[in-house]
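Here's the structure, in structure tokens; my notes come after.
Protein chains: 2
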Amino acid sequence: MSSLLKKEGGDGLTPIGQIGVAALIERITTNVVHRQTSTRQGVGDDAARIQSIPGEEWVVSTDLMVEGVHFDTTYFPLRHLGYKLVVAGISDVVAMNAVPRQILLGLAISAKYTVEAVEELYKGVHAACADYGVDLVGGDVTSSTGGLTLSVTAIGSAPADRLVGRTGARKGELICVSGDLGAAFMGLNLLEREKRIYREDPGIQPDFGAYEYLLQRQIRPAARTDMSSIFDTIGCIPTSLIDLSSGLGHDIAALCRASGVGCRLYEDRIPIDPQVRELATQFQIDPTLCALSGGEDYELLFTLPSSLSDKFEGHPDICMLGYITDAEDGQILVSHSGQEHELHRRMYTH
Amino acid sequence: MSSLLKKEGGDGLTPIGQIGVAALIERITTNVVHRQTSTRQGVGDDAARIQSIPGEEWVVSTDLMVEGVHFDTTYFPLRHLGYKLVVAGISDVVAMNAVPRQILLGLAISAKYTVEAVEELYKGVHAACADYGVDLVGGDVTSSTGGLTLSVTAIGSAPADRLVGRTGARKGELICVSGDLGAAFMGLNLLEREKRIYREDPGIQPDFGAYEYLLQRQIRPAARTDMSSIFDTIGCIPTSLIDLSSGLGHDIAALCRASGVGCRLYEDRIPIDPQVRELATQFQIDPTLCALSGGEDYELLFTLPSSLSDKFEGHPDICMLGYITDAEDGQILVSHSGQEHELHRRMYTH
């Protein structure tokens, strides 16, 4: 566990005030590489310059991550936090079926953080930028009276007729999801447990043993940039699309609201990894609840015309969960035993 | 003063938890108007959609404002804070000589704030959007464990050959500034004084008397979107450009660093409003220091070829402060008495 803990002072660590914010920004942005031809100018001026891509439309989103709300730096390594911040931004772009291209970061940081801590965070940022081929083109660093607050602005593009929003789902269409759900949430539970154990006895090292997958899903999530080409392969663009950042239950509700429809999901169909089931049982949590309310899976939830079902049936990256209904039919979860539940009740009563 | 103070609970105020973040976002974004034809889709999806403008390049910047660092809500009205946040973002776009078009906001907010407080903040946001013709196209609202942290992402565009950065200043060029400097800083001092008086005796109402201009410069700043057409009128685009958000001393230093040059400024030439001089004398602050270190003026600092001096001499919106030198000549301020000071020394030793 100790290596995951933020060091509280000690040899060789530099208070940010010692070098100043300007020098800090220079340190964390000197090695910035531009991979996108649309990036005309990045960090270092009042604003970044981005060239239009002929025939493409831009998509832009912004997200905040707040210490004590979205992350706990006592067990969440700063490098992974930087990585996850970028992934969260990219995931919003992917959720429009666009290609992520640039990001801008904001960092409000309290005096307890050192220059080395910020460098650690940016190592993760740069690693994610490299993995996804996006350019860090701007940002802001400022002091904070509280903890650490991070903002990410993500920019992407695609031809207008490829972009997919939340409003296009229609009755009878199939509701699908990429990957499996609930693992990031169980990873968080695992980290919380190890934190408690560590606090009681700092001599005990954490044992993530058989649950490495859950840990990875929490501290090094992935944005599904691969799905766009999978849609191409099966020969269809989804009619609606959203990323699963808040949990299946919340996100399908948002999609249904935006499209003015209802849904019918089958609990049997929700893809849940065996590690999630096993640890959930240990923790006495309902695995379905992990998928519905856990969040941070960054998988994609989307709708496809039912006529295309034979094209993606059995596809390893696509699970069919149910179908779209009329709005007045509500948002329904059909349980393992065949009982119908209103989705929002199932999300809180277990 | 009382009307400037945030209410701590009381009749008719709604805790955010009572309606939830989704309903809050709906409340503050229902009346959003789009004025830019490039805005294809705004708030309500994973990302906003923005159409390319033929022949134009995009500029994007992001800024953070943190309670207790950048603002004090005990005397800074939330409506004005929202307005100022948008202006700060727009000013970065203007500092590239681009036209501001879209903004995205992030809001991390603690439990002490009510739904009504957030609505107040957004009234200011919407007012600024209307004043500057920009579209609020996205954002994020989340809870915070500390106070209020705000992020703004500002997007603008212009033909590539009209965009101006910080790197183009060359030896012999004239250093110019729009408007007057130091007033926002003195406005802040004024508010701090009235806060102290109010705390000692809440019965005393604040008296901003003869200093209304200073107060306005602090709580309702303006971005110099008008300067671009002034540049057109005098028939030249600046060789370098930066907005004065950190104070003349810091911002000219940033411009010199980026351009690899030095500067020679004349204290006599720094435009300072009589109200600033008067209150600075009362407060025993050097008025020049207000201009050099105060910040938040959101005026533009720019360089022009000396051959054009007759074209803008006497222009009411342009003051010539000095000229660009070689980097090795340093950043020099020539004082009223004709003495030469290194600029950074003058910024802290008074």
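So the protein sequences, as listed, match chains A and B.
Our numbering puts the first sequence at residues 13 to 362.
Our numbering puts the second sequence at residues 13 to 362.
C-beta atoms are modelled at their ideal positions from N, C-alpha and C, and glycine is treated no differently.
**Asked** Buried or exposed: which applies to A59/A, given that a residue is buried once 16 or more other Cβ atoms fall within 10 Å of its Cβ?
**Response** Around the beta carbon of A59/A, a 10 Å sphere encloses 16 or more other beta carbons of the protein chains shown; the residue is thus reported as buried.
message: With DSSP as the reference, identify every bridge partner of Q114/A, one or two as the case may be.
response: D147/A, I167/A.
L17/A versus A265/A - alpha carbon distance
Below a pLDDT of 50, predicted positions are generally treated as unreliable, and L17/A, at 34, falls in that range; the measurement from the model is reported next regardless. L17/A and A265/A have their alpha carbons spaced roughly 37 Å apart.
CA-CA distance, I297/A and L160/B?
When rounded, the distance between both Cα atoms is 34 Å.
Notebook entry, point to check: Between which two residues does the alpha helix (DSSP H) containing E38/B stretch?
Noted result: Secondary structure note for E38/B: its alpha helix (DSSP H) is the uninterrupted segment 28 to 41.
Practice problem: Give the interface partners of R52/A over in chain C, defined as CB-CB distance under 8 Å, in chain order. | Solution: Judged by its chain identifiers, the structure shown contains no chain C, and its protein chains are A and B.
In chain B, which residues lie with their C-beta within 8 Å of the C-beta of L93/A?
-> Simply none; closest approach about 16 Å.
Exercise for the section: Just list the beta strand (DSSP E) runs in the segment 232 to 282 of chain A, keeping only unbroken ones of 3 residues or longer that don't cross its boundaries, in chain order. Expected result: Runs found: 252 to 255, 273 to 278.
- request: Using a Cβ-Cβ cut-off of 9 Å, state whether L16/B counts as contacting chain A.
  value: In this prediction, L16/B scores a pLDDT of 30, lower than 50, which makes its location untrustworthy; the coordinate-derived value is nonetheless stated afterwards. By this cut-off, L16/B is not an interface position.
Q. Beta carbon of E185/B: closer than 8 Å to some heavy atom of the ligand ZN?
A. For the ligand ZN, the structure offers nothing, since it holds no ligand at all.
8 Å Cβ cut-off: residues of chain B touching G150/A:
Correct list: V72, S73, T74.
Self-check item: Stretch-stretch touch, CB-based, cutoff 8 Å, three pairs: the segment 231 to 240 of chain B with the segment 88 to 106 of chain B
Solution: As far as the Cβ criterion goes, the segment 231 to 240 of chain B touches the segment 88 to 106 of chain B, which means the pair count is three or higher.
Nearest neighbour of R39/B, chosen from A129/B, T49/B, P112/B, S318/B [CA to CA]: Per the Cα distances, A129/B.
- How about M77/B and K96/B: do their beta carbons lie closer than 9 Å? Taking 9 Å as the Cβ cut-off, M77/B and K96/B qualify as a contacting pair.
Discussion item. Cβ closer than 7 Å: which chain B residues qualify as neighbours of Q63/A?
Written reply: In chain order: E69.
(message) Just to confirm my understanding: we take E352/B, look at its own chain, exclude 5 residues before and 5 after, and list those with CB closer than 8 Å. What are they?
(response) The beta carbon of E352/B is closer than 8 Å to those of I344, L345, V346 in its chain, skipping five residues each way along the sequence.
Inset, instruction - Quick one: give me the first and last residue of the alpha helix (DSSP H) that G101/A is part of. - result: G101/A -> alpha helix (DSSP H) spans 90 to 106.
Could you give the residue range of the beta strand (DSSP E) that holds D338/B? 331 to 338 is the extent of the beta strand (DSSP E) around D338/B.
The segment 96 to 128 of chain B: which residues have C-beta closer than 7 Å to a C-beta of chain A, in chain order?
If the cut-off is 7 Å between Cβ atoms, the segment 96 to 128 of chain B has D104, V105, A107, M108, L116, G118, A120 near chain A.
Exercise. Check whether the Cβ of H82/A lies closer than 9 Å to any Cβ atom in chain B.
Key: So yes, H82/A belongs to the interface.
Compute the distance between the beta-carbons of L175/B and L119/B, then report whether it is under 9 Å.
Between L175/B and L119/B, the C-beta spacing is not below 9 Å.
* Would you mind stating whether F88/B and N201/B have Cβ atoms separated by less than 9 Å? => Against a cut-off of 9 Å, the Cβ pair of N201/B and F88/B comes out as no contact.
Evaluate A195/B with the Cβ neighbour count: other Cβ atoms within 10 Å of its Cβ, from every protein chain shown; 16 or more gives buried, anything less gives exposed.
Counting of Cβ neighbours within 10 angstroms places A195/B among the buried residues, the total reaching 16 or more.
Indicate whether at least one CB of chain B lies closer than 9 Å to the CB of G342/A.
Answer no: the Cβ-Cβ gap between G342/A and chain B never drops below 9 Å.
Original post:
Given that A163/A touches chain B, what residues does it touch there, using C-beta distances under 7 Å?
Top reply: It should be pointed out that residue 163/A corresponds to Ser in this sequence rather than to Ala. Counting only Cβ-Cβ distances below 7 Å, S163/A has contacts in chain B at T74, L76, G118, S163, in chain order.
The segment 178 to 190 of chain A touching the segment 140 to 160 of chain B, judged by at least three CB pairs closer than 8 Å: Taking a cut-off of 8 Å for Cβ pairs, the segment 178 to 190 of chain A and the segment 140 to 160 of chain B do not touch, as fewer than three such pairs fall below it.
- Query: If you draw a straight line from the alpha carbon of A303/B to that of T26/B, how long is it in whole angstroms?
  - Reply: C-alpha separation (whole angstroms): 42 Å.
Going by CA-CA distance only, name the one from E325/B, S318/B, Y278/B that's closest to E354/B. The shortest C-alpha separation from E354/B is found at Y278/B.
_Reduced DSSP category for R182/B - H, G, I as helix; E, B as strand; rest coil_ = Three-state DSSP puts R182/B in coil, outside helix and strand.
From what residue to what residue does the alpha helix (DSSP H) around A292/A run? Counted as a single uninterrupted DSSP element, the alpha helix (DSSP H) harbouring A292/A occupies residues 286 to 294.
task = Please determine, among V45/A, I62/A, R47/A, the residue with the shortest C-alpha to C-alpha distance to Q53/A.
result = When the alpha-carbon of Q53/A is set against those of V45/A, I62/A, R47/A, the nearest one is in I62/A.
Q: Closer than 9 Å by beta-carbon distance: list the chain A residues that pair up with S155/B, in chain order.
A: In chain order: V78, V81.
Assigned exposure category for D292/A - 16 Cβ within 10 Å defines buried
Note that residue 292/A corresponds to Ala in the displayed sequence, not to Asp. In this structure A292/A is buried. Its beta-carbon is surrounded by 16 or more other beta-carbon atoms within 10 angstroms.
- Task: Run through the segment 43 to 83 of chain A for me and flag every whole alpha helix (DSSP H) of 4 or more residues, listed as ranges in chain order.
- Result: Entirely contained in the segment 43 to 83 of chain A, not one alpha helix (DSSP H) run reaches 4 residues.
### Sufficient close CB pairs (3 or more, under 8 Å) joining the segment 120 to 139 of chain B to the segment 66 to 75 of chain B
No, the segment 120 to 139 of chain B does not touch the segment 66 to 75 of chain B.
Rounded separation between T251/B and I121/B - CA only: Annotation: T251/B to I121/B spans about 41 Å, alpha carbon to alpha carbon.
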